[in-house]
Amino acid sequence: MNSPTHAVSRRQALKQTFFFSAALALGARTTFVRAENIAAGGHQFLMVGDFGTGGKDQIAVAKAMQGYAAGLHLKPDGLFLMGDNFYGSFPEGLDSPRWKTQFEDMYPASAFPGPCWAILGNHDYDNEPVIKVAAELAYQKARPGTRWTMPAKWYRVEWPAENPVMTCLMLDSNYKNAISQLTPEEIARQRVWLKTELARPRTTRWLVVMGHHPLYNNGHHGNTEALIKDWGGLFQKHGVDFYFCGHDHDLQHMEFEGMRTSFVLSGGGGQSLHDVKPADHAFGMKVHGFTHLQVTKEKFTVRHLDADRKQVHAFSKTPDGKIEFLS
């Protein structure tokens, strides 16, 4: 995977190590998750991407997340916010009322008491009339006690603090954006940081990378060739278990033969939806929703849920890379 052309052509030629059933590939099978379906123990997280509209669909997904957690008697350890945290104008920046209405109240501490780890999407770089990215980076320090967590454009998370089982490398994937983007110097610094972090002795069972843009994508935006070129080989070299992203407004999951990394997209948090190309080698569904992660030393389980709290796709992965679909 030394060049975008090589990576994409290889992707097109690959067959999976397993095959998605036709029902899963078409997103035809949905079911409610019951408490008995959730294995005891482990660490629970919810994930949502492309959500920051303030509209009815963001509200519906946020309420579904609350209802899902309450129905399963879960207090998630934290939320992962996958970018495009605020669409449109942000005239008061750090003092915008949207912080309260679209974050603090939308995802209340009563339901989600843990940290809310956020990364930057392309719309977070919009300058309308202030650059939202500056406010998002400053909010954590300016509002002591907030759950919003974005200490830098890229940063490391280990969970839990004692005897962690998961390392997450949170990245800024904004290489190409008509409005704004990382500077070439920032891209170079982030890549050095990523290489250094991945090369560190592995101290947790699971190694996860998160960024707003997908490497591979069966949806509206297609593959992000710059990321395939810059990150894909590093993921393979260092055995990254998962890459989570958003950007496309849908839910997806892809696996490729010979690749350690599972590619999961959660971008159904509230913005208008995108079509997903049918594929017999991947799951994709044009639906508003969110994602539930359950992490133990023995297994990492991923569940995509729609705005009615129905499970539309789920799988688990063991440390040796074995994938199992869940009904």
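When the letters of the sequence shown are read in order and numbered with UniProt numbering, they come out as residues 1 to 327.
Cβ coordinates follow ideal geometry from the N, Cα and C atoms, glycine included.
In this text, all values refer to a predicted model and were calculated from it rather than measured experimentally.
Endpoints, the beta strand (DSSP E) within which residue i is located
i           : result
residue 242 : 242 to 245
residue 207 : 206 to 210
residue 162 : Here residue 162 belongs to no beta strand (DSSP E), and DSSP marks it neither H nor E.
DSSP three-state assignment for residue i, whether helix, strand or coil
i           : result
residue 122 : helix
residue 292 : strand
residue 106 : coil
residue 238 : helix
residue 95  : helix
residue 323 : strand
residue 61  : helix
residue 23  : Its pLDDT being 38, under 50, residue 23 is placed unreliably by the model, and nothing is read from it.
residue 187 : helix
residue 149 : strand
residue 111 : coil
residue 18  : Low per-residue confidence applies at residue 18: pLDDT is 38, beneath 50, and the placement is therefore not dependable, though the value from the model is reported in the following sentence. Three-state DSSP puts residue 18 in coil, outside helix and strand.
residue 155 : strand
residue 192 : helix
residue 233 : helix
residue 175 : coil
residue 198 : helix
residue 75  : coil
residue 67  : helix
residue 140 : helix
residue 53  : coil
residue 101 : helix
CB-CB length for residue i against residue j, believed under 8 angstroms
i           : j           : result
residue 146 : residue 208 : Rounded, the Cβ-Cβ distance is 23 angstroms, inconsistent with contact.
residue 114 : residue 76  : 6 angstroms
residue 234 : residue 198 : 6 angstroms
residue 139 : residue 148 : 5 angstroms
residue 296 : residue 165 : 7 angstroms
residue 82  : residue 267 : 7 angstroms
Counted within 10 angstroms of its Cβ, other Cβ atoms place residue i as buried (16 or more) or exposed
i           : result
residue 183 : exposed
residue 270 : buried
residue 375 : In this structure the chain extends from 1 to 327, so residue 375 is not present and cannot be described.
residue 192 : exposed
residue 247 : buried
residue 121 : buried
residue 126 : buried
residue 32  : exposed
residue 173 : buried
residue 41  : exposed
residue 129 : exposed
residue 70  : exposed
residue 196 : exposed
residue 111 : buried
residue 324 : exposed
Bridge partner(s) assigned by DSSP for residue i
i           : result
residue 228 : In DSSP, residue 228 forms no bridge with anything.
residue 303 : 292 and 314
residue 44  : 294
residue 253 : 264 and 283
residue 133 : None; residue 133 has no bridge partner.
residue 127 : 131
residue 169 : 156 and 209
residue 81  : 48 and 118
residue 276 : 219
residue 32  : 310
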